[in-house]
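Asker:
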Amino acid sequence: MTSTLVKETSPPAAGAAPARRTRRRGRTVALLFVFPALLLLGALVVYPVLFSVGRSFFDASGTRFVGGENYTEMFRDPATLNAVRNTAIWVVVAPALLTGLGLVLAVLVEKVRWATAFKLLLFMPMAVSFLAAGIIFRLAYDEDPDKGVLNAAVVSVHDAFEGTSSYPSARARDGQGLTKGADGSYRTSARVAPGDAVALGLVGVLPQDLPGDARPAYAAAGHKAAADELRGVVYLDFTPGGGGEQGRVDRRESGLPEMKVEAVRGGKTVATATTASDGSFRFEGLAAGSYAVQLPASNFAPPYEGISWLGPALVTPAIIGAYLWIWTGFSMVLIGAGLAALPRDALEAARIDGANEWQIFRRITVPLLAPVLTVVFVTLVINVMKVFDLVYIIAPGPVQEDATVLATQMWLVSFGGGNNQGLGSALGVLLLLLVIPAMVFNVRRFRRSQR
236 MTSTLVKETS PPAAGAAPAR RTRRRGRTVA LLFVFPALLL LGALVVYPVL
286 FSVGRSFFDA SGTRFVGGEN YTEMFRDPAT LNAVRNTAIW VVVAPALLTG
336 LGLVLAVLVE KVRWATAFKL LLFMPMAVSF LAAGIIFRLA YDEDPDKGVL
386 NAAVVSVHDA FEGTSSYPSA RARDGQGLTK GADGSYRTSA RVAPGDAVAL
436 GLVGVLPQDL PGDARPAYAA AGHKAAADEL RGVVYLDFTP GGGGEQGRVD
486 RRESGLPEMK VEAVRGGKTV ATATTASDGS FRFEGLAAGS YAVQLPASNF
536 APPYEGISWL GPALVTPAII GAYLWIWTGF SMVLIGAGLA ALPRDALEAA
586 RIDGANEWQI FRRITVPLLA PVLTVVFVTL VINVMKVFDL VYIIAPGPVQ
636 EDATVLATQM WLVSFGGGNN QGLGSALGVL LLLLVIPAMV FNVRRFRRSQ
686 R
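As numbered in the working numbering, residues 236 to 686 make up the sequence shown, in order.
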């Protein structure tokens, strides 16, 4: 007896085919909407990346294939190595400072009354373009105290505590009894003794350097000295309008007040004095013997000009300072958003248990904000690797190489005079390879937070 096994198949559900058609139609519509964006992405991102990678294997003219020669040359070039070093400084310093400043400010802002206004003030630099910010800080860092606001402040503080020289441009007239020392001071050529009177003439004093209370020195030059004192006058050996006699105090010649004068014997200063408004001075109670009268170099020292912010040593920290001014508000706002989402019961429980604010900040706030801090830090790392505007605008031409980073070096090599787009493309590929790990890390972190 044979039996036949008949397999019955159930007919497809009535709604399956329309559902599949609906899904296909939805995917088609979605693709049509995404297609313009994909086209722009390919034209503006994918194609330039692929072209740069290919161009990096050709010479400067783009006609001869050189393989990895551009990459080898890149790490032999001192300017490129300096750019890599500066980029490393940026990556280590700027994101860490910005994250720390943003965290501290976000915590402090919660405790002030006008928190919104404070956040607005800190965030306002984000509205300033990098070009405008670079021009602003180029002016702020100007070494001339009359132009640069930072050096104006530094010079004001310095002069308040250290003082400044009275007559930076003054000098002695040749052959009139004063000899210039190696340290810039002036000393009488002939020895003098108590009971003598000396006249020390100087020239080269600018009209604006002459104090307003300066009086004519003629009357003071006629005073006689007592037996135990040494008198004299320091005067401007120049008669306005002409006339007069060199080396002699004339009636219209002005005294030089506030000039420091020293009596020197045996190489040591034994007495000091400061000239009066008519330029007169005197040393009392001197022992018998011969002396030299000296005008110390501090009278003629050039004025303090401040700090060379854009010199080779400080140009990179100065540019990082400008970057901090722009991006601190961004960091504070992101961290502040994370801070607002923290569970307040944990903070209140810690306060009830007796923890102070520093302990709460270090042991609760920072650990809970770790994911936000990481995202902010990595985002800033990506941003500083691409910094170009500030470095190119703020750094003066002579120190451009000292401040250069990979982005500026890539532009300089390709278009700023180097005209070697093969080497410039290799630098672009290097910059891309450095940025990709940080981007991948950020994307993965974002996906994990979404899940």
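Beta carbons are placed, not taken as given, at the ideal position from N, Cα and C, and that holds for glycine.
1. State the Cα-Cα distance for the pair Leu667 and Asp294, rounded to the nearest angstrom.
2. What residue does the alpha helix (DSSP H) around Lys354 start on, and which one ends it?
3. What is the DSSP secondary structure of Pro451, counted as helix, strand or coil?
4. Over what stretch of residues does the beta strand (DSSP E) that includes Glu497 continue unbroken?
5. Got a sec, what are the start and stop residues for the alpha helix (DSSP H) Val708 sits in?
6. State the beta-bridge partners of Val288 as determined by DSSP.
7. Over the uninterrupted beta strand (DSSP E) stretch that includes Val505, give me the two end residues.
8. Expressed to the nearest angstrom, what Euclidean distance is found between the alpha-carbon atoms of Thr510 and Asp448?
9. Apply the 10 Å Cβ neighbour rule to Gln443 and answer buried if 16 or more other Cβ atoms are within range, or exposed otherwise.
10. Are the Cβ atoms of Ser525 and Arg426 separated by less than 8 Å?
11. Are the Cβ atoms of Arg406 and Gly436 separated by less than 8 Å?
12. Pick from Arg586, Val339 and Ser401: whose alpha carbon is nearest that of Ser566?
13. Can you list, in chain order, the residues of its chain with a C-beta nearer than 7 Å to that of Gly520? Leave out the 5 residues immediately preceding and following it.
14. Per DSSP, Gln529 is paired with what?
15. Compare the Cα-Cα distances from Ser287 to each of Lys495, Ala661, Tyr539 and Arg682 and report the closest residue.
16. Helix or strand or just coil, what does DSSP make of Val640?
17. Assuming Ala638 contacts Ile587 under a Cβ cut-off of 8 Å, what Cβ separation, rounded to an integer in Å, is found between them?
18. So within the segment 509–584, which uninterrupted beta strand (DSSP E) runs reach at least 3 residues, ignoring any that extend past its ends?
19. Which residue from Gln644, Ala673, Gly657 and Leu276 puts its Cα closest to that of Leu316?
20. Report the CB separation of Asp538 from Ser404 in whole angstroms; it is logged as a contact under 8 Å.
21. Enumerate, from N- to C-terminal direction, the unbroken beta strand (DSSP E) stretches of 3 or more residues contained entirely within the segment 369–424.
22. Quick check on the DSSP output: the alpha helix (DSSP H) that includes Gly277 runs from which residue to which?
23. What did DSSP end up calling Lys242 once you bin it into helix, strand or coil?
24. Taking all protein chains shown into account, do 16 or more other C-beta atoms lie within 10 angstroms of the C-beta of Asp472, making it buried, or fewer, making it exposed?
25. Using the Cβ count rule (16 or more neighbours within 10 Å means buried), how would you classify Met309?
26. Inspect the beta-carbon positions of Ala417 and Val619 and report whether they are closer than 8 Å.
27. Whose C-alpha, out of Thr563, Leu604 and Val392, is nearest the C-alpha of Leu582?
28. Just mark Ala673 as buried or exposed, buried being the case when its beta carbon has 16 or more other beta carbons within 10 Å.
29. May I ask you to report which of helix, strand or coil DSSP gives Ser364?
30. Figure out for me which residue from Arg683, Val675 and Gly657 has the closest Cα to the Cα of Gly303.
31. Kindly give me the distance between the Cβ atoms of Arg408 and Thr414, rounded to whole angstroms, as I take these residues to be in contact under 8 Å.
Answerer: With the structure as the only source:
1. Going from the Cα of Leu667 to the Cα of Asp294 covers about 20 Å.
2. Counted as a single uninterrupted DSSP element, the alpha helix (DSSP H) harbouring Lys354 occupies residues Ala350 to Phe358.
3. Residue state, collapsed to three classes: strand.
4. Residue range Lys495 to Arg500 is occupied by the beta strand (DSSP E) that includes Glu497.
5. The requested residue 708 is not part of the displayed model; the chain covers only 236 to 686.
6. Note: Val288 sits in no beta bridge, so no partner.
7. Here the beta strand (DSSP E) through Val505 covers Lys503 to Thr509.
8. In a straight line, the C-alpha of Thr510 is about 12 Å away from that of Asp448.
9. The residue in question, Gln443, is exposed, as its Cβ has fewer than 16 Cβ neighbours within 10 Å.
10. Annotated as proximal: Ser525 and Arg426, with beta-carbon spacing under 8 Å.
11. Result no, Cβ atoms of Arg406 and Gly436 do not sit closer than 8 Å.
12. For Ser566, the nearest C-alpha among the options comes from Val339.
13. Counting only Cβ-Cβ distances below 7 Å, and skipping sequence neighbours, we find Asp463.
14. Bridge partners of Gln529: Arg422 and Glu497.
15. Proximity to Ser287 across Lys495, Ala661, Tyr539 and Arg682 peaks at Ala661, based on C-alpha coordinates.
16. Coil.
17. That belief does not hold up - the Cβ atoms of Ala638 and Ile587 are roughly 52 Å apart, past 8 Å.
18. 515–518 and 527–530, all fully within the segment 509–584.
19. Distances from the CA of Leu316 to each of Gln644, Ala673, Gly657 and Leu276 were compared; the closest alpha carbon is that of Gln644.
20. Reading off the sequence shown, one finds Pro at residue 538, where the question assumed Asp. About 10 Å separates the two Cβ atoms, so there is no contact after all.
21. Qualifying beta strand (DSSP E) stretches, in chain order: 413–415 and 421–423.
22. Where Gly277 is concerned, there is no enclosing alpha helix (DSSP H), given that its DSSP letter is neither H nor E.
23. Any reading at Lys242 must be qualified, since the residue scores a pLDDT of 47, below 50, and its modelled position is unreliable; no value is offered.
24. Residue environment for Asp472: buried (at least 16 other C-beta atoms within 10 angstroms of its C-beta).
25. Flag for Met309 reads buried.
26. No, these two residues do not count as a Cβ contact at 8 Å.
27. From the listed residues Thr563, Leu604 and Val392, the smallest Cα separation to Leu582 is found for Leu604.
28. The residue is buried, with at least 16 neighbouring Cβ atoms inside 10 Å.
29. In the three-state reduction of the DSSP assignment, Ser364 falls in the coil class, being assigned neither a helical nor a strand state.
30. Here the closest residue by C-alpha is Gly657.
31. About 12 Å separates the beta carbons of Arg408 and Thr414, which is beyond the 8 Å limit, so they are not a contact pair.
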